[in-house]
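If you read the sequences in order, they're chains A and B. Residue numbers for the first sequence follow our numbering, beginning at 1 and rising by one. Residue numbers for the second sequence follow our numbering, beginning at 257 and rising by one.
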Amino acid sequence: MIKARGLARRFQLKGSTVDAVRGVDLDVDAGELVGFLGPNGAGKTTTLRMLTTLLRPTEGEATVAGRDLRTDPAGVRRRIGYVAQGTGAGMDQRVGDELVHQGELYGLTSTKARAKAGWLLDQLDLAGLADRDAASLSGGQRRRLDIAMGIVHEPALLFLDEPSTGMDPQSRSNLWDHIRALRDDLGATVFLTTHYLDEADALCDRVLIIDNGRLVAQGTPDELKNQVADPARPDRPTLDDVFLTLTGRALRDPAA
Amino acid sequence: MIRETRLVFVRALRPMLRNPTVIVFGLSQPLLYLVLFGPLLGSVGGASGSSWQWFVPGLLVQLSLFGTAYAGFSLIPEIRSGVVERMRVTPVSRTALLFGRVLKDVLVLVVQAALLTAAATLFGFRASVWVVLLGLVLIGVLGVAVGAASYALALKLRQEYAFAPVLASTVIPLMLLSGVLLPMDRGPGWLYGLSRANPLAYVVEGERALMAADLGGRALTGGLVAVALVAVCASWGVRTFHRENA
Ligand SMILES: Nc1ncnc2c1ncn2[C@@H]1O[C@H](COP(=O)(O)OP(=O)(O)OP(=O)(O)O)[C@@H](O)[C@H]1O
Ligand SMILES: [Mg+2]
Chain A
1 MIKARGLARR FQLKGSTVDA VRGVDLDVDA GELVGFLGPN GAGKTTTLRM LTTLLRPTEG
61 EATVAGRDLR TDPAGVRRRI GYVAQGTGAG MDQRVGDELV HQGELYGLTS TKARAKAGWL
121 LDQLDLAGLA DRDAASLSGG QRRRLDIAMG IVHEPALLFL DEPSTGMDPQ SRSNLWDHIR
181 ALRDDLGATV FLTTHYLDEA DALCDRVLII DNGRLVAQGT PDELKNQVAD PARPDRPTLD
241 DVFLTLTGRA LRDPAA
Chain B
257 MIRETRLVFV RALRPMLRNP TVIVFGLSQP LLYLVLFGPL LGSVGGASGS SWQWFVPGLL
317 VQLSLFGTAY AGFSLIPEIR SGVVERMRVT PVSRTALLFG RVLKDVLVLV VQAALLTAAA
377 TLFGFRASVW VVLLGLVLIG VLGVAVGAAS YALALKLRQE YAFAPVLAST VIPLMLLSGV
437 LLPMDRGPGW LYGLSRANPL AYVVEGERAL MAADLGGRAL TGGLVAVALV AVCASWGVRT
497 FHRENA
């Protein structure tokens, strides 16, 4: 579903350059649910923006959902969904209108888009908010609207950039159920970033860890835990331990 | 693509439909010119006719310029919040993303221009309906060009503090050198020469000719200049919407 080779992106700033992503190889099969982890600034969003046609790679190539990223970006766009790290709803638009509109942009008829939007608002616990301005939503409600907009057209491949940020525990586990259902019922492939390692552990078949623009590890959560298991310690490592060992940095340093 | 443009258009129009007073407030500037400046003009239009016949067409062009040049401001919060990026990931054509918005601004412009023309008749402006309709078409075409350029510029500059001064330093000279307020040939030669380099001056002359029911060379030139401006600005706009990271 995703095949990338040597994907790299360099940003030119005034007087300096940032190598955000330095040659990433990715292989994701159809139907996989893959987590993309890494510290702040590791290059996760940049990688996603390249794979979703928003950012031209400075080097490397990729096929995404069977289409070449460089030669057929429009073909890629037709087959994917993307929930960005930031919000995507227009603040002066009504919640329901915005969701229906998003479906229509992906080619759904207005009747279909309306039905799908109503169903999704219901599922994501936004039902009473359809007539409100997006600006009036709380942070977590807005995030749920973003998710709804990313999946309204039932994409074969879905990219989620920190989907559960700002959500309460119920919403988060509801979201997990949704993501699993997308994969199990619709056969969708899901590629998501997260800083919640319990989320990656609970949800993902496979985890990729990126640090400083390079992939530093990949495997199932269990494989990665075995990799860092310390025979001297009796307790089994968590994904947090994997992360800290491999990236040498704390995600949320409690002392900081 | 027509379907996609319509989708983007309807979305852009929605907040305005829920708050139509904005349309009327957008009229306040040309109305002030009409009421507080128009009466000063005397009979600049030439021997025959009132100065209103000369002044109102120029005022419509000014409305078109100011009404659409600032359109890009509405895009900046949507660039910042990620709305533009969300739409750029959809398969919708980049042309539709641009023109859906531009057409919203042009619709508002044409409604405002009709209201302004109606108000002008209270002061003694006279023109037949079909002449006014032709005049509205011309300023609508100009509005498409200016609106497309405004969105392209907003997309390039991305920040209000950068967009506002660039806009002001372009729009004001374009307006002053178009002969909207006073006939340019009354000024010194160098100023008149400068105004001849301003495409808007030809649109203003064309609009005046149209509104005087004179469909000769001036009207044609004005129309051709407006269409050429659309071609240039629209291709710049579409290219900017195509570019990555824009
Ligand atoms: N448009 C840009 N211009 C310049 N530098 C950029 C740009 N976008 C990202 N960067 C830099 O590239 C690096 C990777 O950023 P990226 O957003 O991909 O990180 P991330 O892994 O998503 O981090 P986070 O967990 O904080 O979201 C960072 O150092 C960032 O400052
Ligand atoms: Mg990020």
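Note that the Cβ used here is the ideal one computed from N, Cα and C, for glycine as well.
Cutting at 8 Å between CB atoms, please list the residues of its own chain near B/A303, excluding the five before and the five after it. Within the second sequence, residue 303 of chain B is the residue found at index 47, counting from 1. Annotation note: pLDDT 42 at B/A303 (below 50); position unreliable, no value reported.
Answer yes or no: the CB of B/S477 versus the heavy atoms of ligand 1, is any distance below 7 Å? Residue 477 of chain B sits at position 221 when you count from the first residue of the second sequence. Inspection of the sequence shows that residue 477 of chain B is occupied by Thr rather than by Ser. No - ligand 1 has no heavy atom lying nearer than 7 Å to the Cβ of B/T477.
Could you give the C-beta distance for A/A42 and A/D230, rounded to a whole number, given that I count them as a contact under 8 Å? Your numbering for residue 42 of chain A matches position 42 in the first sequence. Your numbering for residue 230 of chain A matches position 230 in the first sequence. Contact doesn't hold; Cβ gap of about 24 Å is too wide.
For A/E32, which of helix, strand or coil comes out of DSSP? For the purposes of this step, residue 32 of chain A is taken as residue 32 along the first sequence, with counting starting at 1. DSSP places A/E32 in coil when its eight states are reduced to three.
Cutoff 8 Å; reference B/R350; Cβ partners in own chain excluding five residues on either side: Position 94 of the second sequence holds residue 350 of chain B. The answer, listed in chain order, is R344, V494, F497 and H498.
Taking just the CA atoms, how far does B/M272 sit from B/I279? Residue 279 of chain B sits at position 23 when you count from the first residue of the second sequence. Residue 272 of chain B sits at position 16 when you count from the first residue of the second sequence. B/I279 and B/M272: Cα-Cα distance of roughly 8 Å.
Helix, strand or coil at A/T193 according to DSSP, with G and I counted as helix: Position 193 of the first sequence, counting from 1, holds the residue named residue 193 of chain A. Three-state result, A/T193: strand.
Closer than 9 Å at the beta carbon, the chain B residues around A/A84: Position 84 of the first sequence holds residue 84 of chain A. The answer, in chain order, is G338, E341, R342 and V345.
From A/A250 to A/L208, what distance separates their C-alpha atoms? One-based indexing of the first sequence puts residue 250 of chain A at position 250. One-based indexing of the first sequence puts residue 208 of chain A at position 208. Reliability of the predicted coordinates at A/A250 is poor, the pLDDT of 48 falling under 50, and the value obtained from them is presented with this limitation in mind. Cα to Cα, the separation comes out at about 17 Å.
Checking the sheet assignment: what are the DSSP bridge partners for A/A4? For the purposes of this step, residue 4 of chain A is taken as the residue at position 4 of the first sequence. According to DSSP, A/A4 bridges with A/L26 and A/A62.
Report yes or no: is there a C-beta of chain A within less than 8 Å of the C-beta of B/S304? Residue numbering aside, residue 304 of chain B sits at position 48 when the second sequence is read from its first letter. With a pLDDT of only 47 at B/S304, under the threshold of 50, the placement of this residue in the model should not be trusted, and no figure is reported.
Run through DSSP, which three-state label would B/A484 get? Numbered from 1 along the second sequence, position 228 holds the residue referred to as residue 484 of chain B. In the structure shown, B/A484 sits in a helix (DSSP, three-state: H, G or I).
Would you call the stretch 407 to 415 of chain B and the stretch 328 to 338 of chain B in contact, with 3 or more CB pairs under 8 Å? yes
Return helix, strand or coil for A/L157, following the three-state DSSP convention. For the purposes of this step, residue 157 of chain A is taken as residue 157 along the first sequence, with counting starting at 1. Residue state, collapsed to three classes: strand.
My output table needs one value for A/A255: the three-state DSSP class, helix, strand or coil. The residue given as residue 255 of chain A occupies position 255 in the first sequence. Interpretation of A/A255 is limited by its pLDDT of 42, a score under 50 that renders its predicted location unreliable; no figure is taken from the coordinates.
So, does the CB of B/A276 fall closer than 8 Å to a CB anywhere in chain A? For the purposes of this step, residue 276 of chain B is taken as residue 20 along the second sequence, with counting starting at 1. The sequence shown places Pro at residue 276 of chain B, not Ala. Chain A, which has no Cβ nearer than 8 Å to the Cβ of B/P276, makes this no.
According to a CB-to-CB cut-off of less than 9 Å, which residues of the stretch 139 to 155 of chain A neighbour chain B? D146, M149, G150 and H153
Residue span of the beta strand (DSSP E) that contains A/Q218, given as start and end: The residue labelled residue 218 of chain A in the question sits at position 218 within the first sequence. Element bounds for A/Q218: R214 to G219.
Rounded to a whole number of angstroms, what is the C-alpha to C-alpha distance between A/M91 and A/A148? Taking the first sequence and counting its residues from 1, one reaches residue 91 of chain A at position 91. Taking the first sequence and counting its residues from 1, one reaches residue 148 of chain A at position 148. Near 16 Å, if we compare the C-alpha coordinates of A/A148 and A/M91.
Contacts around B/G282, its chain only, beta-carbon distance under 8 Å, and the 5 residues preceding and following it disregarded: As a position in the second sequence, residue 282 of chain B is number 26, starting the count at 1. Once the five neighbours on either side are set aside, the close Cβ partners of B/G282 are G323, V364 and Q368.
Sorted by chain position, which residues of the same chain lie with C-beta nearer than 7 Å to A/P254's C-beta, five sequence neighbours on each side aside? Position 254 of the first sequence, counted from the start, is the residue given in the question as residue 254 of chain A. Since pLDDT at A/P254 reaches only 45, below the 50 mark, its modelled position is unreliable, and the value read off the structure follows with that caveat. Result list for A/P254: empty, nothing under 7 Å.
For A/R70 and A/E61, I'd like the C-alpha separation in whole angstroms. Along the first sequence, read from residue 1 onward, the residue named residue 70 of chain A stands at position 70. Along the first sequence, read from residue 1 onward, the residue named residue 61 of chain A stands at position 61. For A/R70 and A/E61, the distance between alpha carbons rounds to 7 Å.
Sort A/K116, A/H153, A/V95 and A/R114 by Cα distance to A/I126 and report the nearest one. Working through the first sequence from its first residue, we reach residue 126 of chain A at position 126. Per the sequence presented here, residue 126 of chain A reads as Leu, with Ile not at that position. Selected option, being the one with the closest Cα: A/V95.
Would you say B/E416 reaches chain A, if we count a Cβ-Cβ gap shorter than 8 Å as a contact? Translated into the one-based positions of the second sequence, residue 416 of chain B becomes position 160. No - not a single Cβ of chain A is within 8 Å of the one on B/E416.
Please report the distance separating the alpha-carbon of A/L120 from that of B/A420. Position 120 of the first sequence, counting from 1, holds the residue named residue 120 of chain A. Position 164 of the second sequence, counting from 1, holds the residue named residue 420 of chain B. Taking the straight line joining both Cα atoms gives about 40 Å.
Assuming B/G396 and B/V362 form a contact by the criterion Cβ under 8 Å, report the distance between their Cβ atoms to the nearest whole angstrom. As a position in the second sequence, residue 396 of chain B is number 140, starting the count at 1. As a position in the second sequence, residue 362 of chain B is number 106, starting the count at 1. With 8 Å as the limit, B/G396 and B/V362 qualify as a contact, their Cβ atoms being about 5 Å apart.
Do A/L13 and ligand 1 come close, with the Cβ less than 7 Å from some heavy atom? Residue mapping note: residue 13 of chain A aligns to position 13 of the first sequence, counting from 1. Yes, since a heavy atom of ligand 1 falls inside the 7 Å radius drawn around the Cβ of A/L13.
Beta-carbon contacts of A/Y106 that lie in its chain and below 6 Å, excluding the five residues immediately before and after: Residue mapping note: residue 106 of chain A aligns to position 106 of the first sequence, counting from 1. Cβ within range, chain order: H153.
Compute the Euclidean distance between the alpha carbons of A/R78 and B/R342, then round it to the nearest angstrom. What you label residue 78 of chain A is simply residue 78 of the first sequence in a count that begins at 1. What you label residue 342 of chain B is simply residue 86 of the second sequence in a count that begins at 1. Whole-angstrom Cα-Cα distance: 13 Å.
Going along the chain, which residues of its own chain have a beta-carbon closer than 6 Å to the beta-carbon of B/F379, five neighbours each way excluded? The residue given as residue 379 of chain B occupies position 123 in the second sequence. So the list reads W308, once near-sequence residues are dropped.
Quick one: using the 10 Å Cβ neighbour count with 16 as the cut-off for buried, is B/V385 buried or exposed? Sequence index remark: in the second sequence, residue 385 of chain B carries index 129 (1-based). With fewer than 16 other Cβ atoms within 10 Å, it is exposed.
Who are the near neighbours of A/D25 in its chain, counting only those whose CB is closer than 8 Å to its CB and skipping five residues on each side? Locating residue 25 of chain A in the first sequence gives position 25, counting from the first residue. Counting only Cβ-Cβ distances below 8 Å, and skipping sequence neighbours, we find A4, R5, G6, L7 and L215.
According to DSSP, which residues form a beta bridge with A/R67? Along the first sequence, one-based indexing puts residue 67 of chain A at 67. A/V64.
I think B/T261 touches B/V312, with their Cβ atoms under 8 Å apart; what is that distance to the nearest whole Å? By 1-based counting over the second sequence, the position of residue 261 of chain B is 5. By 1-based counting over the second sequence, the position of residue 312 of chain B is 56. With 8 Å as the limit, B/T261 and B/V312 do not qualify as a contact, their Cβ atoms being about 31 Å apart.
Using Cβ-Cβ distances below 9 Å, what residues of the stretch 93 to 124 of chain A are close to chain B? Q93, R94, D97, E98, H101, Q102, E104, L105, Y106 and G107
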